[in-house]
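Colleague:
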Amino acid sequence: MKYETSCPLSHREIVDTYYLEHRAKLIDIAAFFDRLERAADGTPDKDDFRVTALRDALNLLGDGEGERAKRVLDLLSDPTTEIPQSAAGTKGALGAAPEGSK
Amino acid sequence: MNYIEPHGHMVSRTTDDYERMALAGCVAISEPAFWAGYDRASVKGFFDYFRQLTEYEPARAKKFGIQHFCWICINPKEGDDPGFAREVIEIIPEFLKRPNVLGVGEIGLNKNTKNELLILEEQIDLAVKHNQLILVHTPHLEDKHKGTRIIMDALLSRGDVDPGRVLIDHVEEHTVAEVLDNGFWAGMTLYPETKCTSQRAADIIEMHGTERLWMNSACDWGISDPLAVPKARIELKRRGHSEAVIKTLTYDNPHTFLSQSPNFVLAG
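So the protein sequences, as listed, match chains A and B.
The numbering used here numbers the first residue of the first sequence as 864 and each following residue consecutively.
The numbering used here numbers the first residue of the second sequence as 45 and each following residue consecutively.
1) Which residues of the segment 926 to 938 of chain A have a Cβ closer than 7 Å to any Cβ of chain B? Give them in chain order.
2) Taking all protein chains shown into account, do 16 or more other C-beta atoms lie within 10 angstroms of the C-beta of glutamate 867/A, making it buried, or fewer, making it exposed?
3) Taking 8 Å as the CB-CB limit, is aspartate 187/B close to chain A?
4) Please go through the same chain and pick out, in chain order, the residues whose beta-carbon is closer than 8 Å to the beta-carbon of isoleucine 195/B, but skip the five residues on each side of it.
5) Using a C-beta to C-beta distance shorter than 8 Å, which residues of chain A count as neighbours of asparagine 156/B?
6) Tell me which residue opens and which closes the beta strand (DSSP E) that phenylalanine 108/B is part of.
7) Classify methionine 54/B as buried or exposed, calling it buried when 16 or more other Cβ atoms lie within 10 Å of its own Cβ.
8) Below 8 Å on the Cβ atoms is my contact criterion, and I expect valine 215/B with alanine 230/B to pass it. Report the Cβ-Cβ distance as a whole number of Å.
9) What does the Cβ neighbour count give for glutamate 250/B, buried or exposed, with the cut at 16 atoms within 10 Å?
10) Which chain A residues are close to arginine 283/B, counting only those with a beta carbon under 7 Å from its beta carbon?
11) Can you give me the C-alpha to C-alpha distance between valine 309/B and proline 143/B, rounded to a whole angstrom?
12) If you draw a straight line from the C-alpha of glycine 89/B to the C-alpha of glycine 208/B, how long is it?
13) If we count the other Cβ atoms within 10 Å of its Cβ and call it buried at 16 or more, is arginine 898/A buried or exposed?
14) Please confirm if lysine 865/A has its CB atom under 8 Å from at least one CB of chain B.
15) Distance cutoff 8 Å, beta carbons only. Does histidine 184/B sit that close to anything in chain A?
16) Taking CB distances under 8 Å as the criterion, tell me whether histidine 299/B reaches chain A.
17) Going straight from the alpha carbon of isoleucine 220/B to that of threonine 294/B, what length do you get?
18) Drop a sphere of 10 angstroms on the beta-carbon of alanine 77/B, count the other beta-carbons inside from all chains shown, and report buried for 16 or more, exposed for fewer.
19) For glutamate 101/B, which residues from the same chain have a beta carbon less than 6 Å from its beta carbon, with the 5 sequence-adjacent residues on both sides left out?
20) For valine 878/A, is the classification buried or exposed, using 16 other Cβ atoms within 10 angstroms of its Cβ as the cut-off for buried?
21) Measuring alpha carbon to alpha carbon, tell me which of Phe912/A, Ile892/A and Leu889/A ends up nearest leucine 938/A.
22) Can you check DSSP and say which residues form a bridge with phenylalanine 113/B?
23) Mind listing the chain A neighbours of aspartate 124/B? Cutoff is C-beta to C-beta under 7 Å, in chain order.
24) Under three-state DSSP, which class holds methionine 864/A?
25) Put histidine 181/B into one of helix, strand or coil per three-state DSSP.
26) What are the start and end residues of the alpha helix (DSSP H) that includes isoleucine 278/B?
27) Is the beta carbon of histidine 51/B sitting closer than 8 Å to the one on asparagine 260/B?
28) Could you spell out the range, first to last residue, of the alpha helix (DSSP H) harbouring leucine 924/A?
29) Could you check how far apart the C-beta atoms of isoleucine 946/A and leucine 280/B are, in whole angstroms? I think they sit under 8 Å.
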């Protein structure tokens with residue numbers, strides 16, 4: 864079964880249902896950037912690659928195009944095609960493609 | 045309404061969680077073999093773990109009226125050591141014969157390495173040889189899109205794997221379409237921080253439909269919620285989705301896929 868009309872809620876119902884939750888998440892992001900500027904060791908000359916990726920993702924949200932969630936995930940993905948032999952003990956992921964991989 | 049939890053790591057959960065899941069309507073759990081949070085020191089560690097999955101957990105679940113099923117494999121994180129992984133693969137066939145085992149899983153990739161891919165391919169061979177279903181783990185975060193494509197290539201390039209007998213788990217907005225378009229089943233994992241939230245899972249359902257799609261909690265020792273599936277049902281309900289759609293996603297679809305294993309028979 865395919866949903867041709869997508870979300871069953873009206874525009875107003877979506878806003879009423881989710882606005883406050885996402886307002887809070889947005890302020891959390893704002894506070895995160897403020898917190899970075901208050902870091903004990905000051906502001907570095909260059910952002911951590913994850914912070915850069917987050918700034919890029921925020922810019923994407925305002926570009927007026929659709930599929931924002933998919934495009935944010937693509938932006939935060941490793942774009943390389945090389946397959947290394949081993950992870951050399953690394954187990955975890957960082958949430959954004961490391962610098963130099965794009 | 046009854047539901048099936050198609051992916052839960054109950055060895056990491058308390059007995060209270062079984063009780064809460066039963067109260068929420070859970071009638072069956074399928075538990076893939078996975079990483080314990082540390083690398084096992086020997087094959088004996090896996091032997092004990094596979095016994096836990098096939099002997100102890102079914103008995104623990106039964107106390108709450110829940111049927112427990114499982115999957116056997118060496119996970120991708122420990123698959124990066126091919127020599128050790130092959131020793132584990134040698135003991136898998138004897139466990140595939142056990143009555144609550146549904147297939148080989150969750151196999152896949154973690155950091156998208158050649159070593160992991162080698163062990164993935166050898167376990168696909170094992171599943172084909174023993175006519176088993178396959179449950180696939182896709183990598184986390186930035187590694188997911190690349191890894192999902194490599195995994196699908198490994199499965200499809202052989203020509204002897206029926207995508208309808210493979211569930212590719214942990215899909216998100218950037219991978220779900222490719223997985224479904226290639227004929228595989230897709231699982232959405234409901235995590236508070238990584239993977240999908242209930243809201244995003246509902247969005248994906250609205251955009252991609254209900255066919256060959258399920259939701260799971262993948263509850264384990266990390267930040268996760270064993271009641272994520274019933275909570276997602278509430279999310280779908282508050283959006284106005286019908287009881288029939290909710291049942292399709294949380295009971296019928298897992299039942300249909302898992303019933304391809306002769307061992308998946310629900311009581312009553």
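Glycine residues also receive a C-beta, built at the ideal position from the N, C-alpha and C atoms.
The structure presented is a predicted model; accordingly, all values stated were derived computationally and were not measured.
Modeller: Quick answer:
1) Ala932, Lys933, Leu936 and Asp937
2) Confidence is the limiting factor: at glutamate 867/A the pLDDT is only 49, short of 50, which leaves the residue's position unreliable, though a coordinate-based value still follows. That one is exposed.
3) yes
4) Non-local beta-carbon contacts of isoleucine 195/B in its own chain, meaning distances under 8 Å to residues more than five positions away in sequence, involve Gly152, Leu153, Leu164, Val180, Thr182 and Ile212 in chain order.
5) Asp941, Ile946 and Pro947
6) Neither: phenylalanine 108/B is in no beta strand (DSSP E) and is coded neither H nor E.
7) buried
8) Here valine 215/B really is in contact with alanine 230/B; their C-beta atoms are around 5 Å apart, less than 8 Å.
9) buried
10) The contacting residues are Cys870, Pro871 and Leu872.
11) 10 Å
12) 32 Å
13) exposed
14) Because the pLDDT of lysine 865/A is 43, which lies under 50, any placement of that residue in the model is unreliable, and the question is left without a value.
15) yes
16) no
17) Contrary to the premise, residue 220/B reads as valine rather than isoleucine in this sequence. Going by the C-alpha atoms only, they are around 18 Å apart.
18) buried
19) Met54 and His112
20) exposed
21) In this structure, Phe912/A is the residue among Phe912/A, Ile892/A and Leu889/A with its C-alpha nearest to the C-alpha of leucine 938/A.
22) According to DSSP, phenylalanine 113/B bridges with Ser74/B.
23) Ser949 and Ala950
24) Low local confidence applies: a pLDDT of 42 at methionine 864/A is under 50, so the model's placement there is unreliable, with the coordinate-based value given in what follows. Residue state, collapsed to three classes: coil.
25) DSSP places histidine 181/B in strand when its eight states are reduced to three.
26) 272 to 282
27) For histidine 51/B and asparagine 260/B, yes; Cβs fall inside 8 Å.
28) For leucine 924/A, the enclosing alpha helix (DSSP H) stretches over residues 912 to 924.
29) With a Cβ gap of about 38 Å, isoleucine 946/A and leucine 280/B do not count as contacting.
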